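Quick note, the sequences are listed as chains C and H, same order.
First residue of the first sequence? That's 1 in the numbering used here, and the numbers climb one at a time after it.
First residue of the second sequence? That's 588 in the numbering used here, and the numbers climb one at a time after it.
Number of protein chains: 2
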Amino acid sequence: MMKDIDLSAIKTPADIRKMNVEELTQLAAEMRGALMDKLSVHGGHVGPNLGMVEAVIALHYVFNTPEDKIVFDVSHQTYPHKMITGRMQAFTDPAHYDDVTGYTNPAESDYDLYSLGHTSSAVALAAGLAKARDLQGGKENVVAVIGDGSLSGGVAFEGLDYGATLDSNFIVIVNDNQMSIAENHGGIYDNLQLLRNTNGTAEPNLFRAMGYAYHYVNYGNDIKSLIEMFRAVKDTDRPVVVHINTMKGLGLAVAEADKETFHFSAPFDLKTGALLNEQHDAPEDYSEHFGKKMLSMMKENGNVVTITAGTPGVLGFDKARREEAGRQFVDVGIAEQAAIDVASGLAKGGMRPVVGFVSSFLQRAYDQFSQDIALNHQAATFVVFYGTMFGMNDETHLGFFDIALLSNIPGLLYLAPTCKEEFDSMLAWSVRQTELPVVIRTPGCVAVSNPAMQLLDDYSKPKYEIARQGEGVALIGAGLMFGIMQQAADLLAKEGVNVTLINPRNLSTLDTDTLDTLKGYKAVITAEDGIVDGGFGQKVASYLGESPVKVINLGLPKEFLNRYNYAALQQKCGLTPEQIAQTAINA
Amino acid sequence: MMKDIDLSAIKTPADIRKMNVEELTQLAAEMRGALMDKLSVHGGHVGPNLGMVEAVIALHYVFNTPEDKIVFDVSHQTYPHKMITGRMQAFTDPAHYDDVTGYTNPAESDYDLYSLGHTSSAVALAAGLAKARDLQGGKENVVAVIGDGSLSGGVAFEGLDYGATLDSNFIVIVNDNQMSIAENHGGIYDNLQLLRNTNGTAEPNLFRAMGYAYHYVNYGNDIKSLIEMFRAVKDTDRPVVVHINTMKGLGLAVAEADKETFHFSAPFDLKTGALLNEQHDAPEDYSEHFGKKMLSMMKENGNVVTITAGTPGVLGFDKARREEAGRQFVDVGIAEQAAIDVASGLAKGGMRPVVGFVSSFLQRAYDQFSQDIALNHQAATFVVFYGTMFGMNDETHLGFFDIALLSNIPGLLYLAPTCKEEFDSMLAWSVRQTELPVVIRTPGCVAVSNPAMQLLDDYSKPKYEIARQGEGVALIGAGLMFGIMQQAADLLAKEGVNVTLINPRNLSTLDTDTLDTLKGYKAVITAEDGIVDGGFGQKVASYLGESPVKVINLGLPKEFLNRYNYAALQQKCGLTPEQIAQTAINA
């Protein structure tokens, strides 16, 4: 047994380039141990990082980073990369666990080329870097690292297609861990399996067909094999794919056994895998609520189909529910555009498709929403998760751009329920009707109940709910913001100020009848859980622009915020009940 | 020689299913003749349709349409399809030439499944139709027809990937005419060439690698070969690709010789190919202007790179200019996402990339604009063509959604020049600076000169131009609308009303200093060449919402308009100078 390696002495890749294979193997073991310790306490992307420790070490060992350039796709597998590029302390010292983000970030290190959190873009980005090098007469290696299910995203193929035309050094590492977040589906993955089963020798070979030289590493967690292969392709003068077969979650028994659960995890017990802070009386979230709801709807109606683009868990479809749903549950893989087009085809074919999206990812398919759904009047339903300032707070995964994005598409009905009952009512209506494409935005993460909510039988026409009739000032709160506006109205009522409180329900078309009744008011205050620019409130401001009534639009600034504090942001935006009440009084 | 076929007797595909191969061949010849006559007089997609006459006849001959379902990708190759599905008169009788649109359209015929004009979606749409059939226990064939350069669009691969998982009938016809609009580039197309060169026998084979059974038809304009092949795959119980080698522009010598020019053409002389109505003193358009400008910039600076996603002509880069630009001109093929990511990589690598887009197509890459450009602060320049109500007027190609789409992305500077001089100034500045991603929208199609325009050295900060200082009413005209606002201001001046006239230049961030000076005005009227919802004017209305000044936002309705009359639409939107002047007076 080797003597221990002092992880804290690893400051740059130069420090590992002095090591021999035995030492590197020991380094990998110690890094893996540190990762497990941090992840179990802190949470994060477990499987993707544990599976890539050796490959990341071998990459930095063989390639002369940062002169040689590595673009990590999605970059949720770059914890080992951060450890050996000057940020070890953030993985070994609990006091510094929060010093780094969960993704590559140029603000942290010159070794990080991009801030990336959406999948499938690395190949095209790296192709651009390689083209820049060629035009400037440079000689550095350019490497894209892609995998973990990202290969099915269309832009990966666009990048591979263009990259093949580079008559120069261009290296694509395909990290094949046999998984996406959940299991993989699709023709691409069958080919990867065939290649694994034949030690990379089989034809047909997708990468060769795309114009790449192809190499296969069967032991993708063996440092020696990886180093040999990376050395063999280093300084290549043509586009090359290196397909490495790795094990997601390697070294952590619970993560090896249940790769889907441990793709990303909150703090957990290293032995049992049980979540540490799980509240057994925690309120139901919209994932769980939606999963139950859809499963029951699919059982009642064989024409209902639930679709995901690689994130079944977000839709509340764990393995058991997927099996129960059978052919009525479709996972197209990480391929948001196809998810929407398949839904369009299903709707055209007489089915009732419901697609679930993380807010930040639906923007990957705007053209399909516009052309293949809205322009073609296909009655599919889209449910948006984490479309809120209180959800994901990494700059790459923000959930507050979707209102501005989707509510301006002609013919696409954008509904914002304010509570669980209203969500259920809108979802049931949308699946029942066959005329309109409908987007329904879950209000925040927790499924809050409001049994008093006024429900409608038909949400096709904009019809605002006057939840409370007051005078002088109207508060219009969209989605989650309705509840906050309600609290503001309560505060005002205590002061003897009775304002009108409105739930707009529909964010894509104005209820001008209701807005007309507000023209004699002193002020109308709108609040939405999204950016103000391009959103709901500005439509109201525009419509009422010719009236003397003041209009104040509350919401988020048009900024890529990063790891922000929820309460501080709410305060900064004037979105607390107290602030809204004060704004109303000032008006 | 066969006797002539009476084209007018062809009412449905049933009428051709009675014919023998000799008659079908004669039918193809006569249809091709009619197409040439119409196209030369009327204009339209020449090459794509002339190349597909036989394949379309064979498809309807073999498959039992409309029960069997055919989704034509892009659908600009469906004139022959329209001829044999009840719309022959629109191709044989000049009085009826305008009866049909240039794309499939469900409003015209049950044989048209979708209104499609953007590429690469047909495979995923058809996969959805096939899945619907399977869940309902149907038996019809589902066919996707893709080609003409569309295969490089990422969603085509997403669709192929998912389609491969269908354990049932699913037929993809790949129309390989060896072209996109211009010549093809990329690893995919090298594989198609290899397959053509080997009569379909070579490995590697992209389609087999994706999990499809594969068949090749070398004579893709031979009806007999096509019928045999389509019969062989009809009622297949698994996913199949049929790769057909066709000739774009077949039968028209000038179109066979110059496939790029005759992809789409205005009316032309059938013998010489010369445009019939070409005005030799026609004013320069922005394509030509941009092409000249960029070529000169690239010659001056080896770091400048011009990028297109398959539409070099729109950027003013004909073959001669492409050759002159050499390695500094990049065509990634129809792959808008890759175009942006390659630009991002080039910028990161120290180059000065400029990407040109048709307004309607840039929406295919919103996520790349957001994540890989804006979030990552990559100083690339994007030039938008046909972003105007006076450009393309097919419902699939509308150019008035891009302001709402792009101006709400954080950190992306959206500039709207009002004339040629301002466009040049903004473009030169954008290429010079290295801090900001910038979108520049060409104002309409014709490059109108305004030598009096006030130019800036730096457009990074919002700074409105007060073109004329008046009082009481301010007219803010963005881009092309500035000139119309100017005419309105002239009309008002004649009536003794002196209004303030403003060119906002920047549509993404408000110049609040200037707007603050308008708070005491009676009215502010904004006009933009795009939809009002989510656009520039609504930002102004929101900002001024608390002030007593009236705000009136002029622009287009949020609708998918189809083949509209330009003047009538302008009138309907209140956007003529006379109407704007009247609106100002009323205010």
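The beta-carbon is built from N, C-alpha and C at its ideal position, and this holds for glycine as well.
For clarity, every value in this text was computed on a predicted model and none was experimentally measured.
Exercise for the section: Measure from the C-beta of residue 1143(H) to each C-beta in chain C and report whether the shortest distance is under 8 Å. Expected result: What you label residue 1143(H) is simply residue 556 of the second sequence in a count that begins at 1. Chain C contact via Cβ: absent.
Exercise for the section: List the residues of chain H that residue 118(C) touches, going by C-beta distances under 7 Å, in chain order. Expected result: By 1-based counting over the first sequence, the position of residue 118(C) is 118. Simply 954 and 958.
Exercise for the section: Would you mind reading off the limits of the beta strand (DSSP E) that contains residue 318(C)? Expected result: Counted from its first residue, the first sequence places residue 318(C) at position 318. Run containing residue 318(C): none; DSSP gives neither H nor E here.
Problem - Contact the stretch 136–146 of chain C vs the stretch 56–74 of chain C: 3+ CB pairs below 8 Å - result: yes
Handout entry: Cut-off 6 Å between Cβ atoms - residues of its own chain near residue 1149(H), not counting five sequence neighbours on either side
Key = Translated into positions along the second sequence, residue 1149(H) becomes position 562. Hits under 6 Å: 982.
Exercise for the section: Ignoring anything shorter than 4 residues or poking outside the stretch 303–378 of chain C, list the alpha helix (DSSP H) runs there in chain order. Expected result: 319–325, 336–348 and 359–362
Exercise for the section: Tell me, please, which residues DSSP counts as bridged to residue 502(C). Expected result: The residue labelled residue 502(C) in the question sits at position 502 within the first sequence. Note: residue 502(C) sits in a beta bridge opposite 466(C) and 476(C).
Handout entry: Buried or exposed by the 16-neighbour rule on C-beta atoms within 10 Å, applied to residue 566(C)
Key = Translated into the one-based positions of the first sequence, residue 566(C) becomes position 566. It counts as exposed.
Practice task
Inspect the beta-carbon positions of residue 1110(H) and residue 1167(H) and report whether they are closer than 8 Å.
Solution key: Sequence index remark: in the second sequence, residue 1110(H) carries index 523 (1-based). Sequence index remark: in the second sequence, residue 1167(H) carries index 580 (1-based). Cβ distance not < 8 Å, so residue 1110(H) and residue 1167(H) don't count as in contact.
Practice task
Helix, strand or coil for residue 1028(H), going by three-state DSSP, please let me know.
Solution key: Along the second sequence, read from residue 1 onward, the residue named residue 1028(H) stands at position 441. Three-state DSSP puts residue 1028(H) in a strand.
Practice task
Output yes if chain H places a C-beta closer than 8 Å to the C-beta of residue 129(C); else output no.
Solution key: For the purposes of this step, residue 129(C) is identified with residue 129 of the first sequence, where counting begins at 1. For residue 129(C), the answer is yes, since a Cβ of chain H falls inside 8 Å of its Cβ.
Problem - Under 7 Å (Cβ pairs) to chain C, residues found in the stretch 754–787 of chain H - result: 772, 773, 774, 775, 777 and 778
Problem - Chain-ordered residues of the stretch 684–701 of chain H with a beta carbon less than 8 Å from chain C - result: 693, 700 and 701
Exercise for the section: Would you identify the three-state DSSP class for residue 681(H), choosing helix, strand or coil? Expected result: For the purposes of this step, residue 681(H) is identified with residue 94 of the second sequence, where counting begins at 1. Here residue 681(H) sits in helix by DSSP.
Practice task
Please report how far the alpha carbon of residue 660(H) lies from the alpha carbon of residue 153(C), in whole angstroms.
Solution key: As a first step, residue 660(H) is located in the second sequence; it is residue number 73 there, counting from the start. As a first step, residue 153(C) is located in the first sequence; it is residue number 153 there, counting from the start. Distance between the alpha carbons of residue 660(H) and residue 153(C): 19 Å.
Practice task
Could you check how far apart the C-beta atoms of residue 445(C) and residue 341(C) are, in whole angstroms? I think they sit under 8 Å.
Solution key: For the purposes of this step, residue 445(C) is taken as residue 445 along the first sequence, with counting starting at 1. For the purposes of this step, residue 341(C) is taken as residue 341 along the first sequence, with counting starting at 1. The pair is not a contact, with the Cβ atoms about 28 Å apart (cut-off 8 Å).
Practice task
Closer than 7 Å by C-beta to residue 156(C): which residues in its own chain qualify, once you throw out the five before and the five after it? Chain order, please.
Solution key: One-based indexing of the first sequence puts residue 156(C) at position 156. These residues qualify, in order along the chain: 120, 123, 146 and 150.
Practice task
Have a look at the DSSP bridge pairing and note the partners of residue 803(H).
Solution key: Within the second sequence, the letter at position 216 stands for residue 803(H). DSSP, once it has assigned bridges, lists 830(H) as partnering residue 803(H).
Exercise for the section: Could you check if residue 723(H) is buried or exposed, using at least 16 other CB atoms within 10 Å of its CB as the buried criterion? Expected result: Looking up residue 723(H) in the second sequence gives position 136. Result: exposed.
Handout entry: Interface positions of the stretch 547–574 of chain C facing chain H (Cβ-Cβ less than 7 Å), listed along the chain
Key = 548, 550, 551, 552, 553, 558, 559 and 560
Problem - C-alpha distance - residue 952(H) paired with residue 806(H), whole-angstrom precision - result: For the purposes of this step, residue 952(H) is taken as the residue at position 365 of the second sequence. For the purposes of this step, residue 806(H) is taken as the residue at position 219 of the second sequence. Cα to Cα, the separation comes out at about 36 Å.
Exercise for the section: Using the Cα positions of residue 423(C) and residue 292(C), report the straight-line distance between them to the nearest angstrom. Expected result: The residue given as residue 423(C) occupies position 423 in the first sequence. The residue given as residue 292(C) occupies position 292 in the first sequence. For residue 423(C) and residue 292(C), the distance between alpha carbons rounds to 13 Å.
Exercise for the section: Report the rounded CA-to-CA distance for residue 555(C) versus residue 1028(H), giving the unit in angstroms. Expected result: Taking the first sequence and counting its residues from 1, the one referred to as residue 555(C) is at position 555. Taking the second sequence and counting its residues from 1, the one referred to as residue 1028(H) is at position 441. Going from the Cα of residue 555(C) to the Cα of residue 1028(H) covers about 28 Å.
Practice task
Would you mind telling me which residues of chain C sit closer than 9 Å to residue 1118(H), beta carbon to beta carbon, in chain order?
Solution key: Counted from its first residue, the second sequence places residue 1118(H) at position 531. Those within 9 Å of residue 1118(H) in chain C are 408 and 410.
Exercise for the section: My understanding is that residue 290(C) touches residue 217(C), with C-beta atoms under 8 Å, so please give their C-beta distance in whole angstroms. Expected result: As a position in the first sequence, residue 290(C) is number 290, starting the count at 1. As a position in the first sequence, residue 217(C) is number 217, starting the count at 1. The pair is not a contact, with the Cβ atoms about 40 Å apart (cut-off 8 Å).
Problem - Under 8 Å between C-beta atoms of residue 287(C) and residue 315(C) - result: Taking the first sequence and counting its residues from 1, one reaches residue 287(C) at position 287. Taking the first sequence and counting its residues from 1, one reaches residue 315(C) at position 315. Taking 8 Å as the Cβ cut-off, residue 287(C) and residue 315(C) qualify as a contacting pair.
Handout entry: Cα-Cα separation, residue 768(H) to residue 851(H)
Key = The residue labelled residue 768(H) in the question sits at position 181 within the second sequence. The residue labelled residue 851(H) in the question sits at position 264 within the second sequence. Looking at the two C-alpha atoms, the distance is approximately 8 Å.
Handout entry: Continuous alpha helix (DSSP H) stretch holding residue 528(C): start and end
Key = Reading the first sequence from its first residue, position 528 is the one you call residue 528(C). Looking at the DSSP string, residue 528(C) is not in any alpha helix (DSSP H); the run it does join, the beta strand (DSSP E), is 523–531.
Problem - Neighbour flag for residue 832(H) against chain C, beta carbons, 8 Å - result: The residue labelled residue 832(H) in the question sits at position 245 within the second sequence. Cβ-Cβ to chain C under 8 Å: no for residue 832(H).
Handout entry: Selection from 1006(H), 1062(H), 1058(H) and 1025(H) that minimises the alpha carbon distance to residue 1176(H)
Key = Coverage of chain H is limited to positions 588 through 1174, which leaves residue 1176(H) absent and any answer about it impossible.
Exercise for the section: Compare the C-alpha of residue 1204(H) against each of 683(H), 1144(H) and 1171(H) and name the closest. Expected result: The question about residue 1204(H) has no answer, for chain H in this structure spans 588 to 1174.
Problem - Coil, strand or helix - residue 554(C) by DSSP - result: Taking the first sequence and counting its residues from 1, the one referred to as residue 554(C) is at position 554. Three-state DSSP puts residue 554(C) in a strand.
Practice task
Can you grab the Cα-Cα spacing for the pair residue 1146(H) / residue 965(H), in whole Å?
Solution key: Here residue 1146(H) refers to the residue found at position 559 when the second sequence is read from its first residue. Here residue 965(H) refers to the residue found at position 378 when the second sequence is read from its first residue. For residue 1146(H) and residue 965(H), the distance between alpha carbons rounds to 33 Å.
Exercise for the section: Give the interface partners of residue 348(C) over in chain H, defined as CB-CB distance under 8 Å, in chain order. Expected result: Working through the first sequence from its first residue, we reach residue 348(C) at position 348. Within 8 Å Cβ-Cβ: 700, 701, 712, 715, 716 and 719.
Handout entry: Any C-beta of chain H under 8 Å from that of residue 297(C)
Key = For this step, residue 297(C) is matched to residue 297 along the first sequence. No, residue 297(C) does not count as interfacial toward chain H.
Problem - Beta-carbon proximity of residue 55(C) to residue 226(C), cut-off 8 Å - result: In the first sequence, residue 55(C) corresponds to position 55, counting from 1. In the first sequence, residue 226(C) corresponds to position 226, counting from 1. Yes, the pair counts as a contact, with Cβ atoms nearer than the cut-off.
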